[in-house]
Amino acid sequence: MKLRPRFRYPAISMKMPLSSFLTFTLLSVQLSIVSGGKILVFPLDGSHWVNMKVIIERLHARGHEITVLRPSDSWYIKEESSLYTSLTLPCRGGFEENFDTYLSQQLEIRLQMKPESFWSTIWTQMQMRWVLLDQFTQFHKKVGDIITHMFENEDLMQSLHAAKYDMVLTDPGIGGGAMLARRLHLPLVFNARWTIHGEAHFLIAPSPLSYIPLREPS
Numbered sequence: 001m002k003l004r005p006r007f008r009y010p011a012i013s014m015k016m017p018l019s020s021f022l023t024f025t026l027l028s029v030q031l032s033i034v035s036g037g038k039i040l041v042f043p044l045d046g047s048h049w050v051n052m053k054v055i056i057e058r059l060h061a062r063g064h065e066i067t068v069l070r071p072s073d074s075w076y077i078k079e080e081s082s083l084y085t086s087l088t089l090p091c092r093g094g095f096e097e098n099f100d101t102y103l104s105q106q107l108e109i110r111l112q113m114k115p116e117s118f119w120s121t122i123w124t125q126m127q128m129r130w131v132l133l134d135q136f137t138q139f140h141k142k143v144g145d146i147i148t149h150m151f152e153n154e155d156l157m158q159s160l161h162a163a164k165y166d167m168v169l170t171d172p173g174i175g176g177g178a179m180l181a182r183r184l185h186l187p188l189v190f191n192a193r194w195t196i197h198g199e200a201h202f203l204i205a206p207s208p209l210s211y212i213p214l215r216e217p218s
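1 is the number of the first residue of the sequence shown in full-length UniProt numbering; add one for each residue after it.
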């Protein structure tokens, strides 16, 4: 007498239905898209750009979309780059001429110094600090002109609002990035923890929110 099984088990197929495959593919594409954020960068030109570019390279490698604001007379911040999209801001120029004048004044002051004279050394240091202060004043005036132009350009500000950035990344050596983040109501992140006056987190009151960790005293 032969025994027949009461139930028949369906054969297991390893083939994925077309609809399931398409759903899985679309979800994978969406996850890859939303994994990256949109970052607006307000950098500082010169040697400061070296540090900022390293951060931008890492952010780009992680899939973030980056927009860099650059002045029209920028030295090192290229307009065309595979790492970011740039927005060139017009400025009145003259930075290179001012910097050449600054170097000439510094050299002239040093040549006039008499090392054997104590008061001559003191006077030379005072002159050099005054020339440096004047250079910083001219530089911050330029940044102020750029910010003024941005805020008065309604089309530019509307496009920045419409872009829906997630944060502003800036250099603490200048105040333009902080003002722009406040105007756009975006989180502010410094690429360093200092300003030209010292420690950034303790000199700015109130300290702006930032993702840079602050080491608590033990």
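A virtual CB, placed ideally from N, CA and C, is assigned to each residue, including glycine.
A quick note: this is a predicted structure, and the numbers were derived from the prediction, not measured.
(request) With DSSP collapsed to three states, give me the class of residue 138. (result) helix
(message) Can you look up residue 167 in the DSSP assignment and give me helix, strand or coil?
(response) strand
(request) Count the C-beta pairs between the region 107 to 117 and the region 132 to 145 that are closer than 8 Å, then say yes if the count reaches three, no if not. (result) no
(message) Please report the distance separating the alpha-carbon of residue 70 from that of residue 182.
(response) 19 Å
(request) May I ask you to verify whether the region 172 to 180 touches the region 139 to 155, counting CB pairs closer than 8 Å and requiring at least 3? (result) yes
(request) Can you have a look at residue 85 and say buried or exposed, based on whether 16 or more other CB atoms are within 10 angstroms of its CB? (result) exposed
(request) Work out the CA separation of residue 41 and residue 68 for me, nearest whole Å. (result) 5 Å
(message) What residue range does the alpha helix (DSSP H) around residue 159 cover?
(response) 154 to 162
(message) Under 8 Å: does the beta carbon of residue 89 sit that close to some heavy atom of the ligand COA?
(response) The ligand COA is not among the ligands present in this structure, which contains no ligands whatsoever.
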